[in-house]
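There are 2 protein chains.
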Amino acid sequence: MARKRFDNSNCSVARALNEVGDWWSLLIVLHAMYGTRRFVDFQQQLGIAKNILCDRLTRLVENGVLHKVDVGEHGCRYEYRLTDKGRDLFPVVVALRQWGDKWNPAPEQGPLDLRDKATSRPIRSVQVLDADGNPLDLRDVFVPEHTEGHG
Amino acid sequence: MARKRFDNSNCSVARALNEVGDWWSLLIVLHAMYGTRRFVDFQQQLGIAKNILCDRLTRLVENGVLHKVDVGEHGCRYEYRLTDKGRDLFPVVVALRQWGDKWNPAPEQGPLDLRDKATSRPIRSVQVLDADGNPLDLRDVFVPEHTEGHG
DNA sequence: TCAATTTGGTTTCGTAACGCAACCCTATTG
DNA sequence: CAATAGGGTTGCGTTACGAAACCAAATTGA
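Just so you know, the sequences run in chain order A and B.
Residue numbers for the first sequence follow this note's numbering, beginning at 0 and rising by one.
Residue numbers for the second sequence follow this note's numbering, beginning at 0 and rising by one.
Here is the structure:
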């Protein structure tokens, strides 16, 4: 049977995963955040098959995460750029990166050192915060009864 | 050829996606965060095939995201519980949920209303913050030269 | 002007993953 | 001792993925 898709799922996480939850999409977004814009650059940096890259880029454009710009410059004719929606994945990517750095550190790669352009100081780690800005663990929170629903 | 895996990738996002970046794993973690622990409950709530669920649970246990507990109670004999590593995905899941709520809102489901158990006040949205706690956009940050490497 | 190159794809084909249903084993319940 | 439930495993058909080949338009180079 067809692979299950979550377009109409009642769960927004499921719908989000439907857009960026496969093996490649979030890595494409990550590289787009690092500045990659052209087809061949994505292909070489990711080591992805061209047909898969083509399919993912098309789908990310369809979903409004990237937009495709025709730039008529010597041979490189299209660019894929992040939309506001795509840029909004920034906290997700940083959180995932921090999780990976913490639990699966690479021997030859230090943890992410993202810095504020204005001050050159490192950013804070991405956390769930309460109304006062104090970090919250999973066990510190609850979902009010009347808004439940995660199916 | 074999599906590409990222176990030895130099990029911690890629390695993270290798553990929780497929269609089902993060949804399983999500439901585990909501309290689901038993095989049949995951199966019914997610509508996932039993062999796939079996495979994902095994892999999540192998990767230290869940641990399998033998509980000798009437018929329900195993529980899959989040480890510290699994609970640490909390910011990732919340960030993804907020992204989904913002860009793909479901008509019949309001945005996530997570509240602090201590005060019953809603949490803040997950953001990337500078050292002073001010939110940062993707364009407000940079990676110092000597630590670069996202391949 | 005409071959070589670059970019952005599409096609073909073999393999791996997924979804469903059926079956299996153990432990409890009646 | 049959029925049921939890937790899998096995087959099988469909779909997705990966590699390489091929393609078309535009650019470069001689």
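The C-beta atom is built at its ideal place from N, Cα and C for all residues, glycine as well.
Give the C-beta separation of residue 122 of chain A and residue 129 of chain B to the nearest angstrom, bearing in mind that I take them to be a contact with Cβ-Cβ under 8 angstroms. 6 angstroms
Quick check on residue 96 of chain A: does DSSP put it in helix, strand or coil? helix
N- and C-terminal bounds of the alpha helix (DSSP H) containing residue 31 of chain A: 24 to 32
Hey, would you say residue 99 of chain B sits closer than 8 angstroms to residue 15 of chain A, going by beta carbons? yes
Evaluate contact between the region 44 to 58 of chain B and the region 47 to 63 of chain A, counting only Cβ atoms and requiring at least three cross-stretch pairs below 8 angstroms. no
In terms of residues, what are the limits of the alpha helix (DSSP H) holding residue 54 of chain B? 49 to 61
Have a look at B:84, B:134, B:126 and B:80 and flag the residue whose alpha-carbon is nearest the alpha-carbon of residue 35 of chain B. B:80
From residue 125 of chain A to residue 124 of chain B, what distance separates their C-alpha atoms? 10 angstroms
What is the rounded straight-line gap between the Cα of residue 44 of chain B and the Cα of residue 33 of chain B? 11 angstroms
For residue 68 of chain A, would you say it is in contact with chain B, using Cβ-to-Cβ distances shorter than 8 angstroms as the test? no
Let me see if you follow: with CB-CB separation under 8 angstroms, is residue 50 of chain B close to chain A or not? no
Taking its Cβ as the centre, do 16 or more other Cβ atoms sit within 10 Å of residue 90 of chain A, making it buried, or is it exposed? buried
Going along the chain, which residues of its own chain have a beta-carbon closer than 7 angstroms to the beta-carbon of residue 78 of chain B, five neighbours each way excluded? 36, 37, 68 and 70
Against chain B, does residue 39 of chain A count as a neighbour if the rule is that its beta carbon must be under 8 angstroms from one of theirs? no
Would you say residue 65 of chain A and residue 85 of chain A are within 8 angstroms of each other, going by their C-beta atoms? yes
Within 10 Å of its beta-carbon, does residue 21 of chain A have 16 or more other beta-carbons around it, so buried, or fewer, so exposed? buried
Check each candidate in A:139, A:117 and A:113 and name the one with the smallest Cα separation from residue 119 of chain B. A:139
Exposed or buried, what is residue 109 of chain B when buried is set at 16 or more other beta-carbons lying within 10 Å of its beta-carbon? exposed
Measuring CA to CA, which of B:102, B:29, B:104 and B:113 is closest to residue 135 of chain A? B:113
What does residue 86 of chain A reach in chain B if we use C-beta pairs closer than 9 angstroms? 136, 137 and 138
Please list the residues of the region 14 to 27 of chain A that have a C-beta atom closer than 8 angstroms to any C-beta atom in chain B, keeping them in chain order. 14, 15, 16, 18, 20, 21, 22, 25 and 26
Closest to residue 54 of chain B by C-alpha separation, out of B:116, B:12 and B:19, would be which residue? B:19
Run down chain A in chain order and give the residues with a C-beta less than 7 angstroms from the C-beta of residue 58 of chain B. Residues of chain A passing the Cβ test: none, with the nearest at roughly 14 angstroms.
Give every residue of the same chain whose Cβ lies closer than 7 angstroms to the Cβ of residue 11 of chain B, excluding the five residues on either side of it in the sequence, and list them in chain order. none
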